[in-house]
Amino acid sequence: MSFIKHIGMAVLALLIFSNFIETLCCSFFIFSYFCKKKRGMKEKVIYLLLILLILASCAGNRKYDDLMQQADSIMNADDDSAKVAIRMLDGVKSQLSEFTKKQRMRYELLRHKAMNKACITFTSDSVMKEVVDYYDHHGSANERMLANYVLGCVYRDIHEVPLALEYYNKATEQADTTAADCDYGTLYRVYSQMGFLFSKQYLPYQLLDAFGKAEKYAYLAKDTLNAIINYQNKGDAYDYLGKKDSVVVINLRSANMFMRIGDNYNAAIALGCNYSYYIEKQDTVNAKKAFEAYFSTGYEGNLEYEDSKAYVLYQKGTYYMFTGQLDSACYILQQSLKFCKSFSNKAATTKALAHYYAKVNQPSLAMKYALQSSEYNDSSLMEARKNQLQQMQAMYDYGRNQEIARMAEQKAKRSTQMNYMIVFACVILFLFLSYIYRKQLALKKKRIAVSKLLYEDSLLKLKRLQDEKAKLVAENDNKLFQVIMEKENTIDKLKAEISDIQDKYSLTFVSNVELTLMDSSICKKIKFIELHPKKSMCEEDWKELANTIENAIPNFIPVLKNRLNDKDYQICLLIRLGFSTSLIARLLGLSDAAISKRRKTMLKKLCGKVGKPKEFDEYVLQIQ
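Each number in the working numbering corresponds to the 1-based position in the sequence shown with 2 added.
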């Protein structure tokens, strides 16, 4: 680790020094060129400074390219090297503003690649989506494949399995296996990751295909170790299919291949994987060989996961049970049960303990652990089925191929022009309908304005005649009886005229109260606030609103004010003026839902019934 770190720092220093020397040489030759020309000294100095600035800029950009190239080379050694590469890239993170877009995209691609190799969990897809979009339009086949692969790994980490498989599949589609420089190393990793996802989905046939291709391309990448590992991973598919004999054969072949390349550690683990099978078959000889091979490695499971350690202890316990070492078996199995977290591990361990207590003639304990094993097994099956259903529901169709994709692309291209035409037609239609609507709205407003003038004029005439009638009646002059009757007839005609105006123009004006409220200064101010979201009502505005409505409608005080809190009463005041729920919510600093809830509550409190907010509005509007 320390050696690799020092190498990385040395390489970085060498790059900086080489760029400096190159810049000095270029500057010397250019300066010599300008000195040969018949130019003034001042002019020569200015030219030299400009050229040095240009060369420095170019050298800086090249410095970043060289640094990224070196980081890419370093990270391929191992996981620790990937962490060194991340530190190298982070060293120039503050200079990203100096990068070109091409450099910045390459920087982000390499950093995410290094994070993936260093097993750092991704939490967001925002950066890699931009990177993939860039390389889909500008990158080489290898760059497009790598970008889609890394984005697939991002979705793998954030548990978006369908999207992970989609981008892994896109990565394979980008690979040009006919090219001499095809990046088989990335390609086999893509298929290997797909295989692991299919394994989690319990899809054996897709698993076999993915790991088979991973094995093939790992050999082409001259990575024999990972080729063998991917071959051994195919055993999971046969395990899901119930073909235990095939699993044993694959493990034995894998062990032989590991030994041929001198990897005795993985060879021993491959042999040990057959241990459970031999135990089940009561094959004492091979079970002992597998057990000794497996545990000779000193492997105790992944210590970061308690279930992994529990499973290794379970394997030891069952072996001791199988060989008659009952006391050791009981102790080891009890230790395993302490570390078990998953239902499947608990079910297996309690089942083994039930067998132990049956062997030592303790039926009560045997029954206890047998019942526990049954409960854990049921829970494990239910959990597995639930997860499988959820995962399968979200799965994309892995069986799509390139031909279908090409046909879909062609179909999309043919329909693009039609889509543009439809959108254009919709825009034209929208503009036309908007124009018609505005014209009709203006005409309607004009008619309403005229009708309001006629209505107001008729109201004035009516009031004047009513006053004259009252005066004549007060005089009680029989001689004027005929005049009074004429006035009555005129009043009746005016009432009919007002009714005709209301019917003709669909007016809902019923009294002078409505006109008073609509023409009030506070009503006009609230309408102004409605058009200016940044404006709000002050305390004086609320007082003016209450006084205006209470003066026009005195019944508001006993019916509502004396029975409600201030906030609810303010809602009623705004409802009486006909303002929308959204505006009421904004003026009171509440949500639309809160306003609706308060209206329903007031309906129940004041009217004694459960109903919709609209019913409460109708109740408020009818108060005169």
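Note that beta-carbon positions come from the ideal geometry of N, C-alpha and C, so glycine has one too.
Predicted model, so just to flag it, every value in this text is computed and none were measured.
Counting only runs of 3 or more residues that sit fully inside the region 279 to 363, no beta strand (DSSP E) segment turns up.
The Cβ atoms of Glu532 and Leu585 lie closer than 8 Å to each other.
The beta carbons of Tyr242 and Thr188 sit no closer together than 8 Å. Counting only the Cα atoms, Ile271 lies some 27 Å from His357. Distance from the Cα of Ala116 is smallest, within the candidate group Asp82, Arg158, Gly274, Asn268, for Asp82. The alpha carbon of Lys607 has as its nearest neighbour, out of Leu445, Lys413, Leu562, Leu579, the alpha carbon of Leu562. In the structure shown, the three-state DSSP call for Gly197 is helix.
Annotation: Ile528 to Ala427 spans about 40 Å, alpha carbon to alpha carbon.
In terms of CA proximity to Glu294, Leu273 leads the group Tyr621, Thr603, Leu273, Ile160. Taken through DSSP and simplified to helix, strand or coil, His161 comes out as coil. A distance of 8 Å or more separates the beta carbons of Leu210 and Ala177. For the pair Ser194 and Tyr333, the Cα-to-Cα distance works out to about 39 Å. For the options Leu328, Lys361, Gln327, Ser381, the alpha carbon positioned closest to that of Ala350 is the one of Ser381. Within the same chain, and ignoring the five residues on either side of Ser201 in sequence, the residues whose Cβ sits closer than 7 Å to its Cβ are Leu209, Asp238. Between Val622 and Arg565, the beta carbon gap of about 13 Å keeps them out of contact (Cβ cut-off 8 Å). Here Asp183 is exposed, its C-beta having fewer than 16 other C-beta atoms within 10 Å. The C-beta distance from Ala312 to Phe345 rounds to 12 Å, too long to fall under 8 Å, and the pair is not in contact. By the C-beta density criterion, Phe618 is buried, having at least 16 other C-beta atoms within 10 angstroms. Residue environment for His114: buried (at least 16 other C-beta atoms within 10 angstroms of its C-beta). Where Glu100 is concerned, there is no enclosing alpha helix (DSSP H), because DSSP gives it neither an H nor an E. Taking the Cα positions, Gly93 is about 39 Å away from Asn235. Exposure of Thr102 is indicated by the presence of fewer than 16 other C-beta atoms within 10 angstroms of its C-beta. Each of Asp68, Glu100, Met107, Ser99 was checked against the Cα of Met90, and the nearest Cα belongs to Asp68. Annotated three-state conformation of Ile625 is coil, per DSSP. Residue burial annotation: Cys574 is buried, with at least 16 other C-beta atoms found within 10 angstroms of its C-beta. Tyr240: member of the alpha helix (DSSP H) spanning 237 to 242, first to last residue. Counting only the Cα atoms, Val163 lies some 13 Å from Asp127. Within the model, the alpha-carbon separation for Gln71 versus Asn78 is close to 12 Å. Look at Gly93 here: in three-state DSSP terms it is coil, with no helix or strand label. By alpha-carbon distance to Leu373, the top candidate from Lys348, Ser142, Pro556, Leu328 is Lys348. By the Cβ criterion, the region 315 to 324 is in contact with the region 272 to 286, since at least three pairs of Cβ atoms, one from each stretch, lie closer than 8 Å. Taking Lys119 as reference, the option from Ala229, Ser142, Ala216, Val86 with the minimal CA-CA separation is Val86. Residue environment analysis places Lys65 among the buried positions, since at least 16 neighbouring C-beta atoms fall within 10 angstroms of its C-beta.
Ala216 is a Cβ neighbour of Gly197, given a cutoff of 8 Å.
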